[in-house]
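Residue numbers (our numbering), protein chains in the order written: chain A, 238 to 357; chain B, 238 to 357.
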DNA sequence: CAAACCTTGACACAATCTTGCTAAGGTTGG
DNA sequence: CCAACCTTAGCAAGATTGTGTCAAGGTTTG
């Protein structure tokens, strides 16, 4: 065997079940290398990542899908921009706007969005 | 009535159901103001946000919980740091590490983590 | 070569997310 | 004052997540 651990050994030292290690790979959170025969090989890096991941999830009480989405955010710049734009929008009370300003307000917003989209 | 729309009117113009508007509030994605009697009031800002949200979810095929987590990431600096740190870790092949380096590598990493934890 | 691994795939199940609907009760406006 | 709203709370059900287990078949190794 090359250098790293097999899936069962990795499961042993990380606390994840073999099943979950395969699942984590499927959802894109890890990417263990393979032997020529297709056996997964877990190097020290992956092992550490796996332990850290457990702690991360526990400590902040978040889901795998959450971390997976964070990864998507990091990898897909377009997505990151759009989500950020949405989140930074005046989360509350644009209540200063009058009924008459309505249409213009919406249009202005539209303009701003287009401008931003243009830059990207 | 103040200025904005009631929940049913907002539902009408945004495409969300009233039920979902309440749900979106519950999961922290919107925060419509209230009348003295407790009725939700949706201003033009919220309405626009709501339309944008539909498009965002559809376009990138992501879930409400995903956007909710993005918000968490934005609001909780600690969480953002930790997730970022995890994601930027050598996602693959630390296969350059020799068997002999193993223990020291792990220990070193451990040291680094402890140091970081200390700072916080 | 046979035991002990590994692979993928499938079925299964609890927990959660998303969504609708209904009930019991306050608010508002004609 | 009554019809038409709004509120919260709850049950319900389909979809997704997280997890186990089992089957059929390749690989490694004593």
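Ideal placement from N, C-alpha and C gives every residue a C-beta, glycine not left out.
Only a predicted model underlies this, so the values are computations on that prediction, with no experimental measurement involved.
Asked: DSSP-derived helix/strand/coil call for residue 278(B); Found: strand
Asked: Closer than 8 Å to chain B by CB, residue 290(A); Found: yes
Asked: Where the stretch 311 to 323 of chain A meets chain B: residues whose CB sits under 7 Å from a CB there; Found: 311, 316, 319, 320 and 323
Asked: Residue 308(B) versus 264(B), 256(B) and 240(B), residue with shortest Cα-Cα distance; Found: 264(B)
Asked: Near-chain B residues of the stretch 251 to 270 of chain A - C-beta to any C-beta below 7 Å; Found: 268 and 270
Asked: Residues of its chain near residue 270(A), where Cβ-Cβ distance is below 6 Å and the 5 sequence neighbours each way are ignored; Found: 278
Asked: Neighbouring residues, chain A, relative to residue 293(B) (Cβ below 8 Å); Found: 319, 320 and 323
Asked: Boundaries of the alpha helix (DSSP H) in which residue 269(A) is found, first to last residue; Found: Careful: residue 269(A) lies outside any alpha helix (DSSP H) and carries neither H nor E.
Asked: Residue 284(A) beta carbon less than 8 Å from that of residue 242(A); Found: yes
Asked: Among 272(A), 299(A), 316(A) and 273(A), nearest to residue 298(B) - alpha-carbon criterion; Found: 316(A)
Asked: Chain A contact for residue 297(B) (CB, 8 Å cutoff); Found: yes
Asked: Nearest-angstrom Cα separation, counted from residue 244(A) out to residue 286(B); Found: 45 Å
Asked: Cα-Cα separation, residue 320(B) to residue 259(A); Found: 21 Å
Asked: C-alpha gap between residue 336(B) and residue 314(A), whole angstroms; Found: Unreliable placement is indicated for residue 336(B), whose pLDDT of 41 sits below 50; the coordinate value is still reported in the next sentence. Those two C-alpha atoms are separated by around 38 Å.
Asked: Residues bridged to residue 242(B) [DSSP beta-bridge criterion]; Found: 279(B)
Asked: Assigned secondary structure, residue 323(B) (DSSP; H/G/I helix, E/B strand, else coil); Found: helix
Asked: Best match in 255(B), 267(B) and 323(B) for proximity to residue 304(B) [C-alpha to C-alpha]; Found: 267(B)
Asked: Enclosing alpha helix (DSSP H) for residue 305(B) [first to last residue]; Found: 301 to 312
Asked: Contact under 8 Å by Cβ, residue 256(B) with residue 324(A); Found: no
Asked: Proximal residues of chain A, C-beta to C-beta of residue 279(B) below 8 Å; Found: Result: empty, since nearest Cβ-Cβ is about 10 Å, beyond 8 Å.
Asked: Any chain A beta carbon closer than 8 Å to residue 274(B); Found: no
Asked: Supposed close pair residue 240(A), residue 280(A) - CB separation, criterion 8 Å; Found: 7 Å
Asked: Any C-beta of chain B under 8 Å from that of residue 361(A); Found: Given that chain A is displayed from residue 238 to residue 357, the structure contains no residue 361(A) and the question cannot be resolved.
Asked: Exposed unless 16 or more other CB atoms sit within 10 angstroms - verdict on residue 250(A); Found: exposed
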